[in-house]
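Read through the structure below, which is laid out as structure tokens, and then see the notes.
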Amino acid sequence: MDAQPVVITRPGERGDVLAAAIEASGLPVARLEALRLEALPETPAQRAAWLDFDQFRRVVVVSPFAAECLADALDRYWPQLPVGIDYYAVGAATAAALHQALGVRVHVPPATAGEDTSEALLQLGSLQRLDGEKILLVAGEGGRTLLAETLAARGARLTRLAVYRRTPLSPSPDMQRRLARGDFRALVVSSGEILEHLARWCTGAALNQPLIVSSARLATLAGKLGFRAPVVASGATPTALTTALAAACHSQEADVDQDDLEKG
């Protein structure tokens, strides 16, 4: 095995967990901090939502960092959580963050969906008819509008709160050179925003290296950006990404090129 690392782009503590999982599988890791996540200062709209939190029938959270921001706010305003609220998370990592911080049960996309996405979450039966229900959507600035638009179209009285911002970061000069040369074993990305951001530095050899993504939607985006070998993991968890990575690397090692035939 060569010493080329697996490049991962997940920021913060969740990146630490993913790096540890990949390293435990026997592969070296190089960290690429492509985004910085920052909690936004509290706005009057946020404060009003936190004070009226017990009025919401359902709360939908889109990411682990959104879950952390929600938990911090509720800790300030609600010494004891109100009852009668159903919580929803786009993926398993977000659900785990909510459960750990708030001790609540969390609805997640059905297993039959095969992946953790907004589209999959919207398949849940309890989100089909929402006539007049007050729903809080906790997310970051910008991002996809599918959840908000669909929940509102299904009759929800929706409040969408942006609680954090994502700031793109340019790769270090060393990492820019690595991306340009394709000097990595695989690239692991679970965010469309990060994928689009990094594509400008990925040319030639980099576009031919395995790209591990967390959904079919990201694989489609990757194809449009010129990546030629996207591999879809079963989700965005460290286990799912590491399993897909191991399969991709095994496939690489099993390939036989002309030099191998001549040597044999």
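Numbering (the numbering used here), first residue to last: 691 to 954.
We put the beta carbon where it would ideally sit given N, CA and C, even for glycine.
Model, not experiment: these values are computed from the prediction.
Check                                                                                                         : Outcome
Burial state of Leu741, where buried means 16 or more other Cβ atoms lie within 10 Å                          : exposed
Buried versus exposed call for Val903 [16 or more other C-beta atoms within 10 Å across all chains shown]     : buried
Contained alpha helix (DSSP H) runs [length at least 4] in the segment 765 to 797, N- to C-terminal order     : 782 to 792
Glu728 in three-state terms, based on DSSP                                                                    : strand
Local Cβ density within 10 Å of Arg726, reported as buried at 16 or more and exposed below that               : exposed
Segment contact, 8 Å Cβ cut-off, at least three pairs: the segment 755 to 767 with the segment 789 to 797     : yes
Buried/exposed call for His887, threshold 16 Cβ in 10 Å                                                       : buried
Outcome for Gly882 when other beta-carbon atoms lying within 10 angstroms are tallied against a minimum of 16 : buried
6 Å Cβ shell around Pro718 - same chain, five flanking residues per side excluded                             : Pro695
Whole runs of the alpha helix (DSSP H) within the segment 707 to 753, excluding any shorter than 4 residues   : 734 to 741
Minimum C-alpha distance to Val749 - residue among Tyr778, Ala761 and Leu771                                  : Tyr778
C-beta contact flag for Ser862 and Leu908 at 9 Å                                                              : no
Proximity to Gly913 [Cα-Cα], best of Val828, Thr929, Thr933 and Cys892                                        : Cys892
Close beta carbons around Ala957, own chain, < 8 Å, minus the five adjacent residues each side                : The structure shown has nothing for residue 957, since the chain only spans 691 to 954.
Of the listed residues Glu723, Gly716 and Val707, nearest to Pro701 (C-alpha basis)                           : Glu723
Residue environment, Ile921, which counts as buried when at least 16 other CB atoms sit within 10 Å           : For the record, residue 921 in the displayed sequence is Val; it is not Ile. Val921 should be labelled buried.
Inter-residue Cα distance where the pair is Ala876 and Ala896                                                 : 9 Å
Three-way DSSP call (helix, strand, coil) for Gly815 in this model                                            : helix
Under the three-state DSSP convention, the category Asp949 falls into                                         : With a pLDDT of 43 at Asp949, under the threshold of 50, the modelled position of that residue is not reliable, and no figure is offered here.
Residue span of the beta strand (DSSP E) that contains Gly830, given as start and end                         : Lys824 to Gly830
Exposure of Val828, with buried meaning 16 or more beta-carbon neighbours within 10 Å                         : buried
Where Gln899 falls, given that 16 or more other Cβ within 10 Å makes a residue buried                         : buried
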